[in-house]
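K.L.:
Can you read through this structure? Questions will come right after.
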Amino acid sequence: MRPALPGPIPRSATPVKSILKSVSVLGRRKELHDVPESSSPLAPESPTKRRKVFFDDIRNVTYEVGRRTMDDVKLEVRVALEAHLRGNDGQYDLLKEMFANDKQRYLPPVVGEEDDTLKPHELQVYVMALTSCIPILKGKDCNGLVKTILKCAWLGRDEAFTKVFTHFLAALVSAQGSYLVPVLSMMVEKFRDTRPSAWSVPDFPEVSRDTMRERLHSAIQYMLQMFPSAVTVLENLLGSRFPFPDESMRVHMAYIHNLLQVMAYIPDSQDEILDLILNRVVKIDSQMQVDLEDLDDDVAAAVMYALRENQRQPSTWEDDNSDESDNESVDSEDLDYDQEAVRIKNVKESVEKMDAVLDTLFGVYSPHFANPGSDKAFDMFTTILREFDHIVLPTYKSRHTQFLIFHFAQQHERLTDAFCGQLIATAFQSNTPNVLKQAAAAYLASFVARGAHVPPSLVRTMFTLLLHHLEQYRRKYEPLCRGPDLKRFHPYYSLVQATLYIFCFRWQDLVVSAPEMVDPDDPVSYIGQDLEWIGTSKQDLWVQIFGKLNPLKVCAPVIVEEFAKLAHRLNFMYVYPLVESNKRVRLTQFLSSTYSMGGALRDAGFEDQSESYHQLDPYFPFDPYQLPISKRWLTGDYVNWKSMPGLNDEDDEDSDDMDEEDDDDELEEGTATDSDGDDFE
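Each residue of the sequence shown is one higher than the one before, starting from 1 at the first, in the UniProt record's numbering.
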């Protein structure tokens, strides 16, 4: 039994007039074809007949109305279609014109003239008549009419028309399966619409955006009930119709909100839809970061100023005026064309787009973590973790998307352990590409260092674990080593840099005991004291740093410099002599491609590259997040970098240029535009 739409099929009390009239009736139209009188839908009726018609097409019950019956309209449409198949397109073209001009306002006729214009509610009758003619309409010869019908503004009319039109679509697909893709494609395209002008029809009350979407998704649900296999087709369309990265925030947010509605009535598609959104968000995130890096300081500052001045609340993301780019165009031939202003505008829109999408995703995930220790929360976190592993982790210099897992991984110890465990597995698997090993090590170090809810016990565990694996790598690589070589010993250097980064942020958690005069709440009181460090970590790290692999030469200089300062003042380790001697070491002399193959340096092609090319990138993915709206989700989650007064007198005035958060929540240029997260400069 075919499933029905909610509510009864509408009935009409409107007299139905043919718009497919001959020239003698219209007076202004050319005679297009001849129809046998016996079959003419315009045959006069008996003057004694006055009939009322109400129709229920699903029950195949026809009542009469006015001077023409529903059967008369069906006959009229069938004659037009059959004539078209014979090569006579007159009435067929009028049918197409009727649907092509469906948004024209109804104009009453001049007194004394025949009314040859379709009244607003009469289009519904023709949709029902076409539904009865599906066996003819399904043929490829009528493809042009079907395409025109699919483009009509069916969501901006009344509820009765929407239901009738939905039954027409279902009948069409049922008769000809090849129409399933065009029908669903037409519906998915409407996911982008946010302005009433896209769906409104004159002479009908204005339909709100919420009502339009309710009707649209009811129709989609009905199609999926009728054709269960259509779910796969729909999922493919959802991906292929996703807005391009350079499209506006308004279009992106409209599309994403509709995707989330689909997820509500197709629960099995939850993973696919969330993956789709996150995959596109990461692409926008990466491109936005590239754009920010290309800006000079003045332009970047202008972007931040524009963001502060024009912050919009979530409720306005789909408003009519929210997409300025739809109303404003820049003429490159205009003498007043300002390339810099365009760059500022484009980057600002990208930042706002990222902010809006991430704020929405935080809101989507959060209800699942109302009880963070529950199986429901763990199931959703498993989804987030899978998305992170397959989409975010392999993406170089993703700047903001990863904070979804950063936030939710801190909701419960079980979730924290799952995240760290996944990163450890990736970082230490032998068959993992080096680029992923470095990324996993960076994420692990950054999470442990920056997570405010990461317990000290886990910090100590992770620090000890990294030292253990470093020793294994050292024993494996050192016999093969002539000197520091990033290309050859990449996994080792990634882990050393991760270890140094954790030390710089969480060194207090690595202290087992301290003299009585040390105040745990005052980091400065630790300076110069005789401290006891966890296990044999002090000796273990010393072996790595002063070994033949010489990691301080390969790790990012900014991290090495900060570690050297802290380790010295905390009596942990004195590495300055090594740092100074490393300044005289050229990494290019140890390139594996040079000596392992017996070639000269010039043969390797590296002689003109700077030392930084052969050093690790100081990228730690959980460095400051300050998108203006969505940063609210991270309140209390984050450990900010704090330079200790007196640690380095000449740097005290600039203690925290890169990672300081203002009380007024202003966007800092450094934190919003610097992908390398260089907190120490």
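Each residue gets a CB set at the ideal place from its N, CA and C atoms; glycine is no exception.
I'd like the list of long-range same chain contacts for E611, defined as Cβ closer than 6 Å, with 5 residues on each side in sequence excluded.
P.N.:
L587
K.L.:
At the level of alpha carbons, what is the spacing between P624 and N101?
P.N.:
Rounded to whole angstroms, P624 to N101 spans 54 Å at the Cα level.
K.L.:
Roughly how many angstroms separate the alpha carbons of G547 and P372, rounded to a whole number?
P.N.:
In this structure, the CA atom of G547 is about 44 Å from the CA atom of P372.
K.L.:
Starting from the C-beta of H453, find all residues in its chain whose C-beta is less than 6 Å away, skip the five residues before and the five after it, and write them out in chain order.
P.N.:
These residues qualify, in order along the chain: Q410.
K.L.:
What residue range does the alpha helix (DSSP H) around V201 cover?
P.N.:
Taken as a continuous stretch (DSSP letters only), V201 belongs to no alpha helix (DSSP H), as it is neither H nor E.
K.L.:
From the DSSP secondary-structure annotation, give me the bridge partner or partners of G528.
P.N.:
DSSP lists no partner for G528.
K.L.:
Quick one: residues in its chain with C-beta nearer than 8 Å to the C-beta of D141, no 5 flanking neighbours on either side, listed in chain order?
P.N.:
H84, L85
K.L.:
Pairing CB atoms from the region 572 to 588 with CB atoms from the region 476 to 488, are three or more of them under 8 Å?
P.N.:
Yes, since at least three Cβ pairs between the region 572 to 588 and the region 476 to 488 fall closer than 8 Å, the two stretches touch.
K.L.:
How many angstroms separate the CA atom of residue 684 from the CA atom of L510?
P.N.:
The shown model of the chain, from 1 to 681, leaves out residue 684, and the question about it has no answer.
K.L.:
Considering only the alpha carbon of each residue, which of T166, V342, V282, T211 lies closest to F403?
P.N.:
V282
K.L.:
For G547, which of helix, strand or coil comes out of DSSP?
P.N.:
Coil.
K.L.:
So, under 8 Å CB-CB, Y619 and A442 are touching, yes? Tell me the CB distance rounded to an integer number of Å.
P.N.:
Rounded, the Cβ-Cβ distance is 6 Å, consistent with contact.
K.L.:
Given a cut-off of 8 Å on the beta-carbon distance, is the pair S494 and L578 in contact?
P.N.:
no
K.L.:
Comparing alpha-carbon positions, which option in L570, K553, T401 lies nearest Y613?
P.N.:
Looking at the Cα atoms, K553 is the closest of the given residues.
K.L.:
Between the region 517 to 533 and the region 455 to 464, can you find at least three pairs of beta-carbon atoms closer than 8 Å?
P.N.:
no
K.L.:
Three-state secondary structure (DSSP) at Y613?
P.N.:
Residue state, collapsed to three classes: helix.
K.L.:
State the Cα-Cα distance for the pair V351 and R209, rounded to the nearest angstrom.
P.N.:
26 Å
K.L.:
Taking the DSSP output, what are the residues bridged to W533?
P.N.:
V511
K.L.:
Taking DSSP as the reference, what is the three-state secondary structure of T69?
P.N.:
strand
K.L.:
Give the straight-line distance between the Cα atoms of S332 and V342, rounded to the nearest whole angstrom.
P.N.:
With a pLDDT of only 45 at S332, under the threshold of 50, the placement of this residue in the model should not be trusted; the figure read from the coordinates follows. One C-alpha to the other measures close to 10 Å.
K.L.:
What would DSSP say about Y222, mapped onto helix, strand or coil?
P.N.:
helix
K.L.:
By the 10 Å Cβ neighbour count, where 16 or more other Cβ atoms means buried, how is D375 classified, buried or exposed?
P.N.:
exposed
K.L.:
Tell me, please, whether the region 256 to 274 touches the region 231 to 238 by the rule of three or more beta-carbon pairs shorter than 8 Å.
P.N.:
yes
K.L.:
Return the CA-CA distance between E159 and I136, expressed in angstroms with no decimal places.
P.N.:
Taking the straight line joining both Cα atoms gives about 27 Å.
K.L.:
Out of H167, P228, M253, K103, which has the shortest C-alpha to C-alpha gap to R215?
P.N.:
H167
K.L.:
Leaving out the 5 sequence neighbours to the left and right, which residues in its chain are closer than 7 Å to L385 when beta-carbon positions are compared?
P.N.:
I405, A418, F419, Q422
K.L.:
What is the DSSP secondary structure of V638, counted as helix, strand or coil?
P.N.:
It should be noted that the sequence gives Tyr, not Val, for residue 638. Three-state result, Y638: strand.
K.L.:
Any contact between the region 217 to 228 and the region 191 to 199? By contact I mean 3 or more CB pairs, one from each, below 8 Å.
P.N.:
no
K.L.:
Please report the straight-line C-alpha distance between L566 and F428, rounded to a whole angstrom.
P.N.:
C-alpha separation (whole angstroms): 28 Å.
K.L.:
Does G363 come out as helix, strand or coil in the three-state DSSP assignment?
P.N.:
DSSP, read as helix, strand or coil, puts G363 in helix.
K.L.:
Going straight from the alpha carbon of E478 to that of A425, what length do you get?
P.N.:
Cα to Cα, E478 sits roughly 23 Å from A425.
K.L.:
Leaving out five residues before and five after S446 in sequence, what residues of the same chain have Cβ atoms less than 6 Å from its Cβ?
P.N.:
These residues qualify, in order along the chain: F620, P621, F622.
K.L.:
Just grab the DSSP bridge partners of H177 for me.
P.N.:
According to the sequence shown, residue 177 is Gly rather than His. Partner(s): none; G177 has no beta bridge.
K.L.:
Could you check if Y473 is buried or exposed, using at least 16 other CB atoms within 10 Å of its CB as the buried criterion?
P.N.:
buried
K.L.:
Would you tell me roughly how many angstroms separate the C-alpha atoms of W533 and R450, rounded to the nearest one?
P.N.:
21 Å
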